[in-house]
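In UniProt numbering, the protein residues as written are 1 to 336. Positions of the beta carbon are idealized from the N, C-alpha and C atoms, including for glycine.
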């Protein structure tokens with residue numbers, strides 16, 4: 001069990017999942033240092049939008065996960081690291097693969113090496129369901145083969161294996177959680193659910209999408225956040241890879257229809273060729289087996305099955321359709 005008197009470093013705290021996780025840790029009374037990406041605007045990403053009571057409890061470290069010296073400096077007084085910082089957009093990885101290697105693999109190495117040298121008590125490393133590629137069988141458990149169907153997924157496979165190598169070589173206390181498709185407030189419009197919502201919320205009943213036949217296992221962000229905290233809090237997770245998914249499968253097309261139903265609008269879908277992945281790169285099917293998470297760290301989704309998914313979509317739609325939030329998005333521009 002992680003003591004609340006010990007400091008937790010959250011890398012990628014300025015992002016979608018990271019900011020939600022950071023807020024939840026603060027609400028639970030943990031001492032949190034938020035590692036945000038350094039920029040000249042002094043922006044803390046989504047943490048700029050967090051309530052004042054959360055900001056007042058936060059320590060901010062602005063740096064770059066690719067810089068080993070800055071990473072080690074950030075980790076010096078931390079007992080636990082929740083490592084979320086990474087590049088995640090699949091289309092962007094097609095034309096800029098080197099930066100994915102630098103950020104996702106070398107960035108993870110920087111965390112691991114500093115943890116080894118500093119004697120950090122626990123690292124929770126973030127994987128992704130994309131490492132499985134198209135399902136060879138369903139539901140997908142942690143023994144499923146890995147397949148890099150994009151430079152992004154290949155870089156995450158490399159990062160995962162680097163983390164496991166430090167556990168096996170040096171007994172570095174690493175846990176790996178593998179979230180399936182997380183969605184919810186603050187998600188980038190490069191992801192399909194915000195893409196659908198923002199187009200509809202902007203008054204476009206005919207929306208542009210890529211392939212709509214692939215299936216996904218969507219996981220509401222609060223469930224993903226709880227998965228991180230459960231893995232952090234339970235030493236049974238050390239040396240393990242653990243799926244965090246809803247165990248509910250639905251196609252992109254059916255998801256779009258469900259969102260339109262939640263929003264009370266009519267929907268037509270237009271295929272936009274620029275949004276299509278190369279044929280052999282498209283992950284056709286994802287569906288999580290989450291039994292290991294239930295058994296090992298006592299985690300299960302609060303938003304599982306179709307009813308839970310619809311509830312999560314309602315909360316997501318409510319956030320995105322607030323004009324203050326919608327103003328952050330460019331619904332008429334394809335966001336890779």
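Taking a cut-off of 8 angstroms on C-beta distances, the region 54 to 65 does not touch the region 206 to 218, as fewer than three cross pairs fall below it. Excluding the 5 residues flanking it on each side, residue 320 has same chain C-beta neighbours closer than 8 angstroms at 185, 194, 197, 198, 201, 326, 329, in chain order.
For residue 168, there are no CB contacts under 7 angstroms within the same chain when 5 residues up- and downstream are skipped.
Judged by DSSP secondary structure, residue 270 falls within the beta strand (DSSP E) whose first and last residues are 268 to 271. Of the residues 135, 85, 133, the one whose Cα lies closest to the Cα of residue 111 is 85. At a Cβ-Cβ threshold of 9 angstroms, residue 126 and residue 17 count as neighbours. Secondary structure at residue 292: helix, using DSSP grouped into helix, strand and coil.
Assignment of residue 260 by DSSP, reduced to helix, strand and coil, places it in the helix class.
Distance between residue 281 and residue 81, taken at the CA atoms: about 32 angstroms. Between residue 247 and residue 305, the gap from beta carbon to beta carbon is short of 9 angstroms. Counted as a single uninterrupted DSSP element, the beta strand (DSSP E) harbouring residue 31 occupies residues 31 to 37.
Note on residue 266: under 16 other CB atoms within 10 angstroms of its CB, so exposed under the neighbour-count rule. Following the DSSP letters along the chain, one finds residue 73 inside the alpha helix (DSSP H) bounded by residues 68 to 75. When rounded, the separation of the alpha-carbon atoms in residue 92 and residue 99 is 10 angstroms. Distance from the CA atom of residue 52 to the CA atom of residue 131, rounded to whole angstroms, is 37 angstroms. The Cβ-Cβ distance between residue 20 and residue 192 does not fall below 9 angstroms. Secondary structure note for residue 58: it is in no alpha helix (DSSP H), with a DSSP letter that is neither H nor E. Under DSSP, the beta-bridge partners assigned to residue 83 are 11, 125. Look at residue 63 here: in three-state DSSP terms it is strand.
When secondary structure is reduced to three states using DSSP, residue 320 falls in the helix class.
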